[in-house]
């Protein structure tokens with residue numbers, strides 16, 4: 001779908017070869033968490049002699065046409081998310097997430113020699129994970145109290161870092 005253009009007046013997609021994927025139907029998808037999503041289905045009129053068929057269509061049958069399913073609500077959320085992460089604040093938060101979150105797991109694995117959970121069962125594993133997180137947070141708090149970064153929550157990236 002990302003490599004196809006959407007033509008809103010006709011409600012169709014246009015593929016790389018210039019063929020139209022016209023609106024066919026709409027159905028409601030039910031997720032495990034109970035949410036419902038409205039999915040629109042678009043299908044190409046004919047893909048048989050298309051030079052891009054092997055790249056575009058995954059189906060092995062020759063008479064099968066290209067078909068895509070689109071959840072417009074999801075696409076709107078995806079665009080909003082992209083706008084959020086490309087702002088200056090979004091870049092700063094992305095940079096700090098990689099430093100803070102991945103660093104915490106690295107600390108647990110390397111410095112605390114954490115290899116695997118010692119208990120079995122969801123409740124016991126959760127309790128062990130909470131204790132690991134608590135110990136990590138206490139160590140981080142003590143470290144911050146002893147350093148000059150007491151009131152700084154986000155680390156500013158260097159000027160040469162480009163996103």
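Residue numbers (the numbering used here): 1 to 163.
Glycine included, C-beta positions come from ideal geometry on N, C-alpha and C.
Predicted, not measured: the structure shown is a model, and the values here were computed from it.
Can you tell me whether residue 109 is buried or exposed, with buried defined as 16 or more other CB within 10 angstroms of its CB? exposed
Distance, residue 34 Cα to residue 138 Cα: 38 Å
Residue 74 versus residue 102: straight-line alpha-carbon distance, rounded: Spanning the two alpha carbons is a distance of roughly 28 Å.
For residue 89, does the three-state DSSP call read helix, strand or coil? helix
Between which two residues does the alpha helix (DSSP H) holding residue 53 run? If you look at residue 53, you'll find it in the alpha helix (DSSP H) that goes 53–56.
Short Cβ contact (8 Å threshold) for residue 71 with residue 36: no
Looking only at its chain, what residues have a beta carbon closer than 8 Å to the beta carbon of residue 79, apart from the 5 residues adjacent to it on each side? none
Can the beta-carbon of residue 47 be found less than 8 Å from the beta-carbon of residue 66? Yes, they are a contact pair.
Boundaries of the alpha helix (DSSP H) in which residue 128 is found, first to last residue: 122–145
Have a look at residue 128 and residue 136 and give me their C-alpha separation to the nearest angstrom. Residue 128 and residue 136 have their C-alpha atoms roughly 12 Å apart.
Alpha carbon of residue 14 to alpha carbon of residue 7, nearest angstrom: 7 Å
Tell me which residues share the same chain as residue 125 and place their Cβ nearer than 8 Å to its Cβ, disregarding the 5 neighbours each side in the sequence. So the list reads 117 and 119, once near-sequence residues are dropped.
Those residues which DSSP pairs with residue 18 across a bridge: Beta-bridge pairing links residue 18 to no other residue.
Cβ distance (whole Å) where residue 17 is taken to contact residue 52 below 8 Å: 5 Å
Looking only at C-alpha atoms, which of 141, 146, 20 and 10 sits nearest to residue 68? Closest option to residue 68, Cα to Cα, is 20.
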